[in-house]
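In the working numbering, the protein residues as written are 35 to 118.
Now the structure itself:
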């Protein structure tokens, strides 16, 4: 099987201490992560779609977050939940 040692042009990979991989789009600064480089790239593609306005519109963001099991109030100040 072929492997690629260099990320796609315009993308940087960061290997986190917990073993996950962060993929960052250099031009926009948008980042996402996954357990592998491939997963991080897939997640980055979704994040870029959202960043550039190509994602699906969410009619009720609070209901969507609740459906995803995320207990956060939109506009809440403070640290992101993953840093607590």
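Every residue, glycine too, gets a C-beta built ideally from N, C-alpha and C.
In the DSSP assignment, residue 90 falls outside any beta strand (DSSP E) and carries neither an H nor an E. Our two residues, residue 54 and residue 76, have alpha carbons roughly 14 Å apart in a direct line.
Rounded to whole angstroms, the separation of the alpha carbons of residue 46 and residue 103 is 30 Å. Comparing C-alpha distances from residue 80 to each of 44, 64, 98 and 99 shows the shortest one belongs to 64. Beta-bridge pairing by DSSP links residue 57 to 47 and 66. About 13 Å separates the beta carbon of residue 62 from that of residue 88, a gap too long to meet the 8 Å contact definition.
Looking from the CA of residue 44, the closest CA among 99, 78 and 73 belongs to 78. Non-local beta-carbon contacts of residue 50 in its own chain, meaning distances under 8 Å to residues more than five positions away in sequence, involve 56 and 67 in chain order.
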